[in-house]
Amino acid sequence: MGILDKAPMPGKLCAVIFLLDTSYSMQGAPIGTVNEAVEKILPELVSMNDEQPDSDIKVGMLTFDSEVKWIFGETGLVSPEEVRDSWNDLNVNGATSMGEAFSALNEKLSVKHGFMKEASCARAPVLFLLSDGEPTDDYQAGLQDLKENGWYKYAARVAIGFGTDCNDEVLVEFTGNRETVLHTDNVNELKKLIKFAVVTSSKVASRGKNISTDAENLEDADDNTQKTADAFKAQGSLIDNDDLSEWGAL
Amino acid sequence: MKLADGQTATVVDKLGEGGQGIVYRVRLDSGEERALKWYFISLIKEPQRFYRHLESNIKVGSPAPEFVWPEQLTEWTADGTFGYVMKIFPSGYESFSKFLTAHAAFENVTAMVDAALNMVAAFNALHSKGYNYQDLNDGNFSINPANGKVLICDNDNIMGHGEYSGIEGKSGYVAPEVVRGEKQPDKLTDRYSLATLLFMLLVGNHPLEGARTVQIPALTNKFEKKIYGTKPLFIFDPNDDSNRPVRGLHQNAARMWKYFPSFIKDAFCRSFSQESLLNARGRLLEQDWFHVLVRLKSSIAQCPHCGEEIFLESDRPTVCQSCKKSVTPVGYFKFGKRSNLDVTVPIFKGVKLYDYHMNSSSEDFETVSAVVLEKPGKFGLQNKSALRWNLTTAGGKNYVCQPGAVQTLALNCKIDFGNRDIAQVVANS
Ligand SMILES: Nc1ncnc2c1ncn2[C@@H]1O[C@H](COP(=O)(O)OP(=O)(O)OP(=O)(O)O)[C@@H](O)[C@H]1O
Ligand SMILES: [Zn+2]
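So this is what it looks like as structure tokens:
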């Protein structure tokens, strides 16, 4: 082996974790849209990995309905290529066990026994939550534990509320920032919104730019959720959208 | 979109997107195509000032052809945004990031060393025009893997002396004193970033990421400051081995460091010494890198045992990393020092000398001016230049070598290459 055969530089882990509501109310067009959106996002994550040598995006995906299941990540995070190549459409089933989903996430966001076992100089995780309803279990207990989790605090947290039955206030509690909760009642818009939210937050988290030299700003500098909110604002008017017919309720 | 010169630029499609804006392919009235960078205006701190800054850079002009320089600004739109046009990147180039993710590789060792030389030459041109880069990182370069030519993109944060873009730069590339908040980016901090990029290009890992840093689970700002600012430690620091590359993780560094000759290792050790990291002292100037890298280029030889390309030391044995056999040249050419750095070329079959060696003021590292030949029992130097060489033996005899001819070499002889740049043939005992 010669000097030109170099191995890839080790990228810093950037966990992109999907928490997807697959309760019965998502049946039909909504779940179809989620499936399509995820399929569209994966190649973008693959190319982000190609373009950013110092970051390594890995994916975890949890669905919650009457039960909570890691579709990807049960035995560790996987590369976006792997998810892309083994992706299978999600199906719906039962209630909205969001609290249980929070507990499952909290369990995995750990260095001792979870996704972060091999984390070394990891970048902020992306925590993406999608729901169309009201939790049917006691979500508070799970959420309070999660809020104590250092990875949760460090993360870029974003959420999308879909449909008129969705309680966005729960989502705001999850992200801790009203500006990173997006909402739509329109299935066509949902796909674009999911892609926009996941891609933008993943860029913010994985880029690792702009070291803060301002000592007082150390806390702010680690507020990746606020950074994501800023990026949403910067690009909001430029959402890649060719269906401009629907403005929605004012 | 209206341009400053009155032409209209019409958007054709999207070329890419970065943190600061989107880049579109546009067609001008003249029919020519350009790239238009369109800013996310809310991310720019002082848009008016930034606009004037770009205006001034356009007026002063590009430091060297390698820079994809802003050509023209657009007018401000009604909602207060703007952009600028530049040439579209030519084909054949791959972003430096792709080399680092192993999605692109150099076709040969010469192309890799040329890429390093071209980077250094471009920064020399930049600094001598009074600019500094401020946000130098792997996203700014594209390299042609066939010939090592470089393009420098994303030039909008380049500043004149004393100006400060407000962009704080990508962590891991910014000089430690900037990370510590002691200084704003300038020429000296650019030099640090350049050394980091050269290390990543040649060795293939980050110079400060090793055993010490892998223990940190999350790269929060606190740790980022520590690793790259307050407690930085070079992975090959000769006095402290606590941050060495980790097997299986920093694979390139562990493997590639051994390939490089001592003078390159010394240059990196100097660039990332504690003196340099903590006190900004002892960093190599662009000129220094230039001489060191030309020396590296003219040390490229083929291993006589296995045929692999190696960097051959002039005055000591080199272990070929492919076949693990040792190779020592019979001797070397010793030139006058440049910028107080040694200039030597090993006497070994196939080794090349460049115009750089013929003339002590030449910076041409591409034109081959001489090639070392070997016959049983003797070595010769073929004159590929247009110059008449004069050789003087140790005993005082004179020989003339015309262009195209081959000069047999002898111990302790001196060669005057025609520009009073004289090399002495030194034997390895
Ligand atoms: N002149 C050009 N010709 C072709 N493509 C270009 C040109 N300039 C930029 N691009 C494309 O647009 C992308 C974004 O451009 P650029 O890196 O300048 O944006 P940026 O906002 O400064 O990004 P960064 O966050 O890396 O600083 C590039 O990766 C490249 O693919
Ligand atoms: Zn060999």
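Chains as they are written, first to last, in our numbering: chain A, 885 to 1134; chain B, 8 to 436.
Note that CB positions come from ideal geometry on N, CA and C, so glycine has one too.
Against V900/A, what residues of chain B qualify as contacts under a CB-to-CB distance less than 8 Å, listed in chain order? Reading the first sequence from its first residue, position 16 is the one you call residue 900/A. Correct list: empty, because the minimum Cβ distance to chain B is about 15 Å.
What's the call for P894/A, buried or exposed, on a 16-neighbour Cβ count within 10 Å? Here residue 894/A is taken as the residue at index 10 of the first sequence, counted from 1. Per the 10 Å Cβ criterion, buried.
Contact the stretch 315-324 of chain B vs the stretch 202-218 of chain B: 3+ CB pairs below 8 Å: no
Nearest chain A C-beta to Q258/B closer than 8 Å, yes or no? Counting from one through the second sequence, the residue named residue 258/B turns up at place 251. Yes, contact with chain A.
Secondary structure of I223/B, DSSP reduced to three states: On the second sequence, position 216 is the one that residue 223/B refers to. Here I223/B sits in coil by DSSP.
Cβ of S931/A less than 8 Å from any chain B Cβ? As a first step, residue 931/A must be located in the first sequence, where it is residue number 47. False, the Cβ-Cβ gap to chain B never drops below 8 Å.
At a cut-off of 7 Å, would you count V1083/A as near ligand 1, judging by its Cβ distance to the nearest heavy atom? On the first sequence, residue 1083/A is found 199 positions in, with the first residue counted as 1. Incorrect: V1083/A has no Cβ contact closer than 7 Å to ligand 1.
Candidates L205/B, T196/B, D244/B: closest to R219/B by CA position: What you label residue 219/B is simply residue 212 of the second sequence in a count that begins at 1. Among L205/B, T196/B, D244/B, the Cα nearest to that of R219/B is on D244/B.
Short of 6 Å in beta carbon distance, which residues of its chain neighbour L10/B, apart from the five on each side in sequence? Order them along the chain. Taking the second sequence and counting its residues from 1, one reaches residue 10/B at position 3. These residues qualify, in order along the chain: A16, Q79, T81.
May I ask you to list the residues that DSSP assigns as paired with W45/B? The count along the second sequence starts at 1 and reaches residue 45/B at position 38. DSSP lists I29/B, G90/B as partners of W45/B.
H1067/A - DSSP class collapsed to helix/strand/coil: Counting from 1 along the first sequence, the entry for residue 1067/A is found at position 183. The answer is strand: DSSP assigns H1067/A an E or B state.
Using the beta-carbon of each residue, find all residues closer than 6 Å to any heavy atom of ligand 2 and list them in chain order. C310/B, H312/B, C313/B, E315/B, C327/B, S329/B, C330/B, K332/B
Note down, in chain order, all residues in the stretch 922-956 of chain A with a beta-carbon under 8 Å from any beta-carbon belonging to chain B. N933, D934, E935, Q936, P937, D938
In its own chain, which residues sit with a C-beta less than 8 Å from the C-beta of L292/B, not counting the 5 before and 5 after it? What you label residue 292/B is simply residue 285 of the second sequence in a count that begins at 1. Closer than 8 Å at Cβ, skipping near neighbours: R198, S346.
8 Å is my cut-off, CB to CB: does G126/B come that close to chain A? Position 119 of the second sequence holds residue 126/B. A small fix is needed here, since residue 126/B is Met in this sequence, not Gly. Closer than 8 Å: no.
Using only alpha-carbon positions, find the residue among S269/B, T400/B, K177/B that is nearest to V1088/A. In the first sequence, residue 1088/A corresponds to position 204, counting from 1. Comparing Cα-Cα distances from V1088/A to each of S269/B, T400/B, K177/B, the minimum goes to K177/B.
I want to check one thing, is the minimum distance from the CB of I48/B to the heavy atoms of ligand 3 below 7 Å? By its list of ligands, the structure shown excludes ligand 3, since it contains just ligand 1 and ligand 2.
Have a look at F948/A and D193/B and give me their C-alpha separation to the nearest angstrom. As a working mapping, residue 948/A is identified with position 64 in the first sequence. As a working mapping, residue 193/B is identified with position 186 in the second sequence. Taking the straight line joining both Cα atoms gives about 52 Å.
Any heavy atom of ligand 1 closer than 7 Å to the CB of Q27/B? To locate residue 27/B, count along the second sequence from 1; it is residue 20. Answer for Q27/B: yes, Cβ within range of ligand 1.
Report yes if the CB atom of V432/B is closer than 8 Å to the CB atom of F340/B, and no otherwise. Translated into positions along the second sequence, residue 432/B becomes position 425. Translated into positions along the second sequence, residue 340/B becomes position 333. The answer is yes: Cβ separation under 8 Å.
Does any heavy atom of ligand 1 sit closer than 7 Å to the C-beta of D938/A? If you number the first sequence from 1, residue 938/A lands on position 54. It does not: the Cβ of D938/A is nowhere closer than 7 Å to a heavy atom of ligand 1.
Can you give me the start and stop residues for the beta strand (DSSP E) that R1154/A sits inside? Residue 1154/A cannot be examined here, being either before or after the span of chain A that is shown, 885 to 1134.
Report the partner residues of F148/B according to the DSSP bridge assignment. Position 141 of the second sequence, counted from the first residue, corresponds to residue 148/B. For F148/B, which the question treats as bridged, DSSP gives the partners I159/B.
Restricting to runs no shorter than 3 residues, where is the beta strand (DSSP E) found entirely within the stretch 993-1054 of chain A? 1010-1015, 1040-1046
Can you have a look at H298/B and say buried or exposed, based on whether 16 or more other CB atoms are within 10 angstroms of its CB? Looking up residue 298/B in the second sequence gives position 291. H298/B should be labelled buried.
What did DSSP end up calling E991/A once you bin it into helix, strand or coil? Here residue 991/A refers to the residue found at position 107 when the first sequence is read from its first residue. Three-state result, E991/A: helix.
Answer yes or no: do D1106/A and N228/B have a C-beta to C-beta separation smaller than 8 Å? Counted from its first residue, the first sequence places residue 1106/A at position 222. Counted from its first residue, the second sequence places residue 228/B at position 221. In this structure, N228/B lies closer than 8 Å to D1106/A by Cβ.
Please state whether DSSP places I242/B in a helix, a strand or coil. As a position in the second sequence, residue 242/B is number 235, starting the count at 1. Of the three classes helix, strand and coil, the one that applies to I242/B here is coil, per DSSP.
Determine, using beta carbons only, whether C1005/A comes closer than 8 Å to chain B. In the first sequence, the residue the question calls residue 1005/A occupies position 121. It does; some Cβ of chain B falls within 8 Å.
Taking 8 Å as the threshold (C-beta atoms), are Y31/B and F89/B in contact? Within the second sequence, numbered from 1, the residue matching residue 89/B stands at position 82. Within the second sequence, numbered from 1, the residue matching residue 31/B stands at position 24. No.
So if I threshold CB-CB distances at 8 Å, which residues from the stretch 1012-1038 of chain A count as touching chain B? G1034, W1035, Y1038
Minimum Cβ-Cβ distance from S369/B to chain A less than 8 Å: Residue numbering aside, residue 369/B sits at position 362 when the second sequence is read from its first letter. It does not; no Cβ of chain A falls within 8 Å.
Under 8 Å between C-beta atoms of V379/B and V358/B: If you number the second sequence from 1, residue 379/B lands on position 372. If you number the second sequence from 1, residue 358/B lands on position 351. It is a contact, given that the beta carbons lie within the stated cut-off.
Rounded to whole angstroms, what's the CA-CA distance from F1046/A to D1069/A? Just pull it up for me. By 1-based counting over the first sequence, the position of residue 1046/A is 162. By 1-based counting over the first sequence, the position of residue 1069/A is 185. Rounded to whole angstroms, F1046/A to D1069/A spans 6 Å at the Cα level.
According to DSSP, which residues form a beta bridge with A899/A? Taking the first sequence and counting its residues from 1, one reaches residue 899/A at position 15. Looking at the DSSP assignment, A899/A forms a beta bridge with K942/A.
Please report whether the beta-carbon of A1040/A lies at a distance below 8 Å from any beta-carbon of chain B. Translated into positions along the first sequence, residue 1040/A becomes position 156. Not closer than 8 Å to any Cβ of chain B, the Cβ of A1040/A fails to qualify, so no.
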